[in-house]
Every structure is written in C-alpha cells, then in structure tokens.
Ligand code: SF4
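Residue numbers (the numbering used here): 923 to 1220.
Here it is as structure tokens:
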C-alpha cells in the first residue's frame, strides 16, 4: 500500500502542559521553507511549528544547539499520541516530519526487516544504513541483497575507518576479546555518530520487551547522545507481533534465526540460544555487557 502524500495540512495541538505561554502550536505541515522569524531559523525540509506567540520552532534537530523545552514537550506529546498507533502510522509520521532528513539504522534483525517492509510501503527512498563492523555473519550480509531484491531498498554499509585486519594489527589482536565496550564504541557507536550527522531523525527497531533497559523506550524521543530525534516504531510491539507479520507477509529474515540465533550481532559476540533462554541471552554471552551502546545515553 502506498500512502498518498497530503499536499497541505494544518492541525492544532492542545498541549496538556503549558509550553511557557504557548498553549497551542499550529503545525504548518508542508512548509519546507527556510526563513527567519523572531531570530529563529527554520530548517528547509523540516516541518515548521508556529507557536501562539508567533515564534517559530522546528520539530527536529535545532540548528546549532539543544532542543528547547517547548520542542521536547512537543516530541513527548507526539510520542504519547502515537502510543497506540500501528508502526506503519508511526513511520508515516516520521517520514512526514523529517524526510528527506530521516534515516534508519538496521542490523537486519527481524524488527529491522519489519520496518523495511513497512518503509517500502510508506517511503522507500528513506536513507537506510547498516553498521558493518567487519564482524557480521555472512547470512546477515546476504540478507541485505535479499532486501534489495524484494523492496528495491539499497541499505548502505557504514564502516569504521580501519578494516578488521588493520584494526586487529594495530591493537595486537581482536579487541572484542579483551574490551568489548571499546570495540563496540570504535566499530559501532562512532560510526553511527558519523552516519547520522546531518539527519534530523533516525529510526531504530528496538522493542520495550527486549530487555529491562529498553522497557521505557518512547515512540519518539530526543536522542541526546547522537543529537537528533529518535523514532522507535516497534517500541510497543512484542516478539510475537513481529514474527506474525514476518510470516503473514513473507518478509525476508536472517536464516540464522532458524538455527537458534534469536538476536544477531557480530559473530564473535553472538551465540545461538537454548529453548527458554532470553532472546538476547546469546549476545556477549558470559559477560555483563548487554548493549552495544547505540541505545544507551551517556
Ligand atoms: S559486537 Fe563484538 S565484534 Fe561487534 S563491535 Fe561489539 S565487541 Fe566488536
């Protein structure tokens, strides 16, 4: 299904909490212009928000600074409003707000494949990238080609500056074996920081029921770490909903899932899990580490 783009839209949002004196924000949906108003600049391509007092703010990356309290309140408002929306609607919201300054990161997990499937319906031109650490499974890399064949979406590989060989030679061996946090920082986090530079919003496939750490994930949030808006369309979905859609829509998925790998990262840090184990038990198994650092602040 392809969503028809509205040519223009004006909506009034009543905020439950006052945003300074601005009780009402008037959203000018498709005004993709750059202009000055009250000293604040509107970013081209982003949706402008004309506040009750005439000031103009942007629901996106503020140019050269942190978002204002009003912008954070607006993000929270949208997040709450989208809480019960289908992921397709959330993706459509993100596209409407941020495309073409919208990007998506995927490790080709089942969640990422579901988002790609929905994105193909909503706006297949959204920029999508994969953090190719050099340690990914061949099945993961092959899935990129299957996605391209099915949807025509070319997922861009974003890679660290050093190849695996160069990295291991420089460090006297594999860093993941002695300091996995540093390895993730250098081969994932820093690469993502570079990859999202210039975008106003990024989408990820994390779900609240994946781990205690992710249980409070909002649908829409300001990502302090990477300095742009983060959209998690599947935050409220369960693993069963993900797999129900994969099966009903015949969505491509990583074949390693059929071999007991429920959550798949880099091959040195991923193992298959036994029946009854937590779905992320195979990630950095035996270590206290549970996250690569992309979805944690600080
Ligand atoms: S998951 Fe393992 S191999 Fe991949 S970047 Fe992190 S520590 Fe390195």
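Every residue gets a Cβ at the ideal spot worked out from N, C-alpha and C, and that includes glycine.
Every value quoted in this text rests on a predicted model; they were computed, and no experiment measured them.
Helix, strand or coil for residue i, going by three-state DSSP, please let me know.
i	result
residue 952	Annotation note: pLDDT 31 at residue 952 (below 50); position unreliable, coordinate value reported separately. Residue 952 falls in the coil class under three-state DSSP.
residue 1211	coil
residue 1142	strand
residue 1028	coil
residue 1180	helix
residue 1123	strand
residue 1109	helix
residue 1099	helix
residue 1157	coil
residue 1200	coil
residue 971	Below a pLDDT of 50, predicted positions are generally treated as unreliable, and residue 971, at 40, falls in that range; no measurement from the model is reported.
residue 1217	coil
residue 1034	helix
residue 1175	coil
residue 1075	coil
residue 1069	helix
residue 1130	helix
residue 1045	coil
residue 988	coil
Do residue i and residue j have their C-beta atoms closer together than 8 Å?
i	j	result
residue 1217	residue 1126	yes
residue 1180	residue 1132	no
residue 1004	residue 1142	yes
residue 1036	residue 1173	yes
residue 1193	residue 1148	no
residue 1077	residue 1089	no
residue 1204	residue 1175	no
residue 1039	residue 1213	no
residue 1059	residue 1178	yes
residue 1144	residue 989	yes
residue 1025	residue 1051	yes
residue 1150	residue 1124	yes
residue 1056	residue 1086	yes
residue 1113	residue 1053	yes
residue 1135	residue 1023	no
residue 1110	residue 1215	yes
residue 1140	residue 1001	yes
residue 1159	residue 1009	yes
Could you give the residue range of the beta strand (DSSP E) that holds residue i?
i	result
residue 1150	1150-1153
residue 1053	1049-1053
residue 1080	1078-1080
Bridge partners of residue i, per DSSP?
i	result
residue 1188	1058
residue 1205	1192
Tell me which residue opens and which closes the alpha helix (DSSP H) that residue i is part of.
i	result
residue 1113	1112-1118
residue 1170	1161-1171
residue 995	991-1003
residue 1016	1009-1020
residue 1088	1086-1093
Using a Cβ-Cβ distance under 8 Å, would residue i count as near chain B?
i	result
residue 1094	Absent from the structure is chain B; it holds one protein chain and no more.
Verify the contact flag: residue i, CB atom, against every heavy atom of the ligand GTP, threshold strictly below 7 Å.
i	result
residue 1055	Inclusion of the ligand GTP in the displayed structure is not the case, the ligand content consisting of the ligand SF4 alone.
**Message:** Below 8 Å, how does it come out for the segment 1065-1079 and the segment 1100-1107: are there three or more Cβ pairs, yes or no?
**Reply:** Verdict: no, contact absent.
**At least 3 beta-carbon pairs within less than 8 Å: the segment 1009-1017 vs the segment 1042-1056** = Three or more Cβ pairs closer than 8 Å define a contact, and the segment 1009-1017 meets that threshold against the segment 1042-1056.
**Request:** Would you check if the segment 1140-1157 and the segment 1111-1130 touch, i.e. whether three or more CB-CB distances between them fall below 8 Å?
**Result:** Segments in contact, yes.
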